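> Pasting a structure below so you can have a look.
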Amino acid sequence: MAGLRKRSTYSSEHTRLLRMFVDDGRNVISTLDRYLASLSSGGFSVRPLENAMRAVHSIKSEAAFLEFEDVRRAAHGLEESLGLLRKRQLQPGTKLDESTLQQMSTACERLRESIGARISLSDAGDRSSDRDVPAEGSTDISSLAGIQAHSPASTFGADPSLFRLADRERRAIQEARRHGELLYRVRCEIDDSEPLTYARLYLLLNNLETAVNVVRTVPSVETFTERPVRHLTALVTADCSEQEIYAALEVDQINAVELTRLDFESVLELAPGGDGQGPGILLGRSGVQLSLTPRNYELLSLYSYELTTQLEAIIAAEESRTESERRRLQAAARLASRVRSTIQRTSLVPLSSVLDPLHRFVDRLAGESDKQVRFTIRGERERVFLPVAELIADALLHLIRNCVDHGIEPPDYRSAAGKPETASITLTVMRTGGGLSIELSDDGCGVDESKLRERAGVEEDGEWSLLDLMCAPGVSTRPAADVSSGRGVGMDAVRHTVETLLGGTLRVSSRSGDGFAVRFELPEGASLLTVTVFEAGGRDLAVPSCQVIDVVELTPQQIREDVGGDTYFVMGGEAVRVFTVAREGRATQYHEGWAIVLSVEENRGVILADRIASEEVVVRSGDQPNRVYSKTLDQYVSLFVPVAL
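Under numbering that gives the first Met the number 0, the letters of the sequence shown match residues 0 to 644, in that order.
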């Protein structure tokens, strides 16, 4: 069919993954700068080396997925240098010779340049598309979490009548959801310059119904002959691939097709009788668009979290209160918790937004290694916080590469072993009572535990588990590393992501000759926050970035002290109070460093920092709300949240 333009959610998925690469790339550059500085000043140390290897291996996986060959090869070159340094098994504090330092610096610089070039191209692309970005102050709340095809304003606005469902249509959608089908909006642009356009429309619908269940069309079938039709929009449910849907739409006179994945809950809420049509002052509205900037949205999330935790702390404190006061406090805590959960729900995205592109990744890896692989995803409709989804995707990139490179055998080997030539990799996502369970399994050759023990130098009856062996630095079943894998870093990076960054648990199981499975459980209740990580007076800390309005380099003239000994920072003729966050006796040097300017409501304050480490997304857990794990520093840091200035 000539002229068909196939457009799906791939573009938004690719953009999101590109932004993930940009954010991680900046963190990798910061990590490498810190690592080189520590090598030059403090000598060799194991922990910074392993942190650098994890960071480089992760960015290499992302570059391979995005087909950034220059970044992948530069990362591979740096991995070679880091691997050689690890094999030397130096004592901590050992000073490196100038030749080794220069080699490391050159490899780091090559990767830094390749990542920087990709970041510059990405930034230029973002600027060139500014005309498509909503003005600040009118952002749809769902887009703040990266949802581009699930909000009423962006997806449903063009065809509002499509979602005025009759009872039977609502029941059809609910039944499809129970059966695990997917929900799509199909929009077709029709060339009406030729006669018998309506005949083509009937053919189009007949073809479409062979692949999917057509719930509703706009215009309706009954009106096809009443007036010329230039656009047809259909609401469909499907248990087939998007490629099969596109194949069904290949009909003459159809000039363009747009296929958009929808969210069941949002569509059902928009329909009459759904939750979105309940009584009240907004009766009859299909959705509400809030005027929030991304910064204000994150402030709203932060304040709701702080309100909940502080009320819970007040209730837990042993103070004499009347029964009436206790009931009021408990009611306030419940309300604050409901506000927080409502805000959190607006930040959820379906895991499909980061899982769907993995199909292409598997296809490419299988093609590069001359293997045949069928990849299946189950449960991709589960919804999680976007940054958590991206961390999950990052871990899965490592695991899938391990499956294809290490576990899946070539077709002739599988055939000789009585297996189908096409291997199977299955990703299963399930909601459990305590959170989210994700399992990746294959039917390959499994893991040779004896070989791992031999290479790790561990006795057969040693206490090391299979997971410990697979995550041991430098231990791999491959005899030699190549540009894809074999350095014993991938599983270590996965364990770091799941256990340290997300607070989950990781388990592996293997059957010799019959497959491998890895499963991680992620807890509910974790909150995500963008923070600015810094060092002040020998202490590493973080402050919410939504409260940071500027970071400026210090000059001695900007620091003043009043007669009472309080310190002020002078900016724009205004004296702003300085907060002390450094350890006692380790004051920040005022002649150098940075000023982190904070804003709470109309008030300003300043934190003096010796060094700015990074800006990154961290997980804030309910049991330790005042400590967060910094990926850049590879350690926990104290979280400073100003509630008043």
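Just so you know, even glycine gets a beta-carbon here, dropped at the ideal spot from N, CA and C. It should be emphasised that the depicted structure is a prediction, and the values quoted were computed from it without experimental measurement.
1) Could you please give me the residues that DSSP links to F374 through a beta bridge?
2) For R382, tell me which candidate among L632, A332, T431 and T496 has the shortest Cα-Cα distance.
3) With H, G and I counted as helix, E and B as strand and the rest as coil, what does DSSP make of Y628?
4) What do you reckon, are the CB atoms on V617 and L528 nearer than 9 Å?
5) Going by alpha carbons, who is nearest to A237 out of E249, S219, L261 and H230?
6) As an exercise, report each continuous beta strand (DSSP E) stretch of at least 3 residues that is fully enclosed by the segment 554-608, in chain order.
7) Mind reading off the beta-carbon distance from A331 to S303? Whole number of angstroms is fine, and I expect it under 8 Å.
8) Secondary structure at G434, three-state DSSP: helix, strand or coil?
9) For Y628, count neighbouring C-beta atoms within 10 Å of its own C-beta (all shown protein chains included) and say buried if the count is 16 or more, exposed if not.
10) Using 9 Å as the threshold, is the C-beta distance between I244 and S300 below it?
11) So what does DSSP say about T259, is it helix, strand or coil?
12) Helix, strand or coil: which one does DSSP assign to H495?
13) Under the three-state reduction of DSSP, which class applies to T307: helix, strand or coil?
14) Which residue comes first and which comes last in the beta strand (DSSP E) that contains F533?
15) In three-state terms, what does DSSP make of V440?
16) Quick one: any contact between the segment 59-70 and the segment 83-101, if contact means 3 or more CB pairs under 8 Å?
17) I'd like to confirm the pairing. Which residues does DSSP put opposite P349 in its beta bridges?
18) Within 10 Å of its beta-carbon, does T392 have 16 or more other beta-carbons around it, so buried, or fewer, so exposed?
19) Quick one: what does DSSP say V211 is sitting in, helix, strand or coil?
20) Within 10 angstroms of the Cβ of R326, are there 16 or more other Cβ atoms? Answer buried if so, exposed if not.
21) What residues are listed by DSSP as bridge partners for F515?
22) Whose CA, out of F162, P409 and F263, lies closest to the CA of V217?
23) Go ahead and label R215 buried or exposed: buried means 16 or more other beta carbons lie within 10 angstroms of its beta carbon, across all protein chains shown.
24) For L521 versus V403, is the C-beta distance shorter than 9 Å?
25) Three or more beta-carbon pairs under 8 Å between the segment 557-569 and the segment 501-509, yes or no?
26) Specify the secondary structure class of R413 as computed by DSSP and reduced to three states.
27) Who are the near neighbours of L48 in its chain, counting only those whose CB is closer than 8 Å to its CB and skipping five residues on each side?
28) Given a cut-off of 9 Å on the beta-carbon distance, is the pair A535 and V580 in contact?
29) I'd like the span of the beta strand (DSSP E) that includes L164, first residue to last.
30) Would you mind sorting V642 into buried or exposed? The rule is 16 or more other CB atoms within 10 Å of its CB.
31) Exposed or buried, I606, counting other C-beta atoms within 10 Å across all chains shown (16 or more means buried)?
32) When DSSP builds the beta bridges, which residues end up paired with A541?
33) Report yes if the CB atom of F639 is closer than 9 Å to the CB atom of V542, and no otherwise.
34) Opposite S613 in the DSSP bridges: which residues?
35) Among L396, I376 and V348, which one has its Cα closest to the Cα of F360?
36) What do you reckon, are the CB atoms on S113 and F43 nearer than 9 Å?
Reading from the atomic positions:
1) Residue mapping note: residue 374 aligns to position 375 of the sequence shown, counting from 1. According to the DSSP secondary-structure assignment, F374 is paired through a beta bridge with I424.
2) Looking up residue 382 in the sequence shown gives position 383. For R382, the nearest C-alpha among the options comes from T431.
3) Within the sequence shown, numbered from 1, the residue matching residue 628 stands at position 629. Of the three classes helix, strand and coil, the one that applies to Y628 here is strand, per DSSP.
4) Within the sequence shown, the letter at position 618 stands for residue 617. Within the sequence shown, the letter at position 529 stands for residue 528. For V617 and L528, yes; Cβs fall inside 9 Å.
5) To locate residue 237, count along the sequence shown from 1; it is residue 238. Per the Cα distances, L261.
6) List check, beta strand (DSSP E) in window: 558-560, 566-570, 573-578, 593-599 and 602-608.
7) Against the sequence shown, residue 331 aligns to sequence position 332. Against the sequence shown, residue 303 aligns to sequence position 304. About 13 Å separates the two Cβ atoms, so there is no contact after all.
8) By 1-based counting over the sequence shown, the position of residue 434 is 435. In the structure shown, G434 falls within a strand segment according to DSSP collapsed to helix, strand and coil.
9) The count along the sequence shown starts at 1 and reaches residue 628 at position 629. Buried.
10) The count along the sequence shown starts at 1 and reaches residue 244 at position 245. The count along the sequence shown starts at 1 and reaches residue 300 at position 301. Going by C-beta atoms, I244 is not nearer than 9 Å to S300.
11) Here residue 259 is taken as the residue at index 260 of the sequence shown, counted from 1. Note: T259 maps to strand in three-state DSSP.
12) Numbered from its first residue, the sequence shown carries residue 495 at position 496. H495 falls in the helix class under three-state DSSP.
13) Locating residue 307 in the sequence shown gives position 308, counting from the first residue. It is helical.
14) Mapped onto the sequence shown, residue 533 falls at position 534. Its beta strand (DSSP E) spans residues S526 to A535.
15) As a first step, residue 440 is located in the sequence shown; it is residue number 441 there, counting from the start. Position check: residue 440 holds Ser in this sequence, whereas Val was assumed. Note: S440 maps to strand in three-state DSSP.
16) Output reads no: the segment 83-101 does not touch the segment 59-70.
17) For the purposes of this step, residue 349 is taken as the residue at position 350 of the sequence shown. Answer is R382.
18) Indexing the sequence shown from 1 puts residue 392 at position 393. Rather than Thr, the amino acid found at residue 392 in this sequence is Ala. Classified as buried, A392 has 16 or more neighbouring CB atoms from the shown chains inside 10 Å of its CB.
19) Within the sequence shown, numbered from 1, the residue matching residue 211 stands at position 212. Coil.
20) Residue mapping note: residue 326 aligns to position 327 of the sequence shown, counting from 1. With a 10 Å radius around the Cβ and a threshold of 16 neighbouring Cβ atoms, R326 comes out exposed.
21) Working through the sequence shown from its first residue, we reach residue 515 at position 516. Note: F515 sits in a beta bridge opposite D441 and S509.
22) In the sequence shown, counting from the first residue as 1, residue 217 sits at position 218. The option with the nearest alpha carbon to V217 is F162.
23) Counting from one through the sequence shown, the residue named residue 215 turns up at place 216. So R215 ends up on the buried side.
24) As a working note, residue 521 is residue 522 in the sequence shown. As a working note, residue 403 is residue 404 in the sequence shown. The answer is no: Cβ separation not under 9 Å.
25) Verdict: no, contact absent.
26) By 1-based counting over the sequence shown, the position of residue 413 is 414. Here DSSP, grouped into helix, strand and coil, assigns R413 to helix.
27) Locating residue 48 in the sequence shown gives position 49, where the first residue counts as 1. The residues Y34, L81, L84 and R85, in chain order, have a CB closer than 8 Å to that of L48 in the same chain once the five nearest residues on each side in sequence are set aside.
28) Numbered from its first residue, the sequence shown carries residue 535 at position 536. Numbered from its first residue, the sequence shown carries residue 580 at position 581. Taking 9 Å as the Cβ cut-off, A535 and V580 qualify as a contacting pair.
29) Here the question's residue 164 lines up with position 165 in the sequence shown. First-last for L164: undefined, no H or E at that position.
30) Taking the first residue of the sequence shown as 1, we reach residue 642 at position 643. Per the 10 Å Cβ criterion, exposed.
31) Here residue 606 corresponds to residue number 607 of the sequence shown, with the count starting at 1. Of the residues assessed, I606 falls on the buried side of the cut-off, its CB having 16 or more other CB atoms within 10 angstroms.
32) To locate residue 541, count along the sequence shown from 1; it is residue 542. V532 and L638.
33) On the sequence shown, position 640 is the one that residue 639 refers to. On the sequence shown, position 543 is the one that residue 542 refers to. Yes, the pair counts as a contact, with Cβ atoms nearer than the cut-off.
34) Translated into positions along the sequence shown, residue 613 becomes position 614. Answer is V532.
35) On the sequence shown, residue 360 is found 361 positions in, with the first residue counted as 1. Comparing alpha-carbon positions, the option among L396, I376 and V348 lying closest to F360 turns out to be L396.
36) As a first step, residue 113 must be located in the sequence shown, where it is residue number 114. As a first step, residue 43 must be located in the sequence shown, where it is residue number 44. With respect to the 9 Å criterion, S113 and F43 are not classified as neighbours on the basis of their beta carbons.
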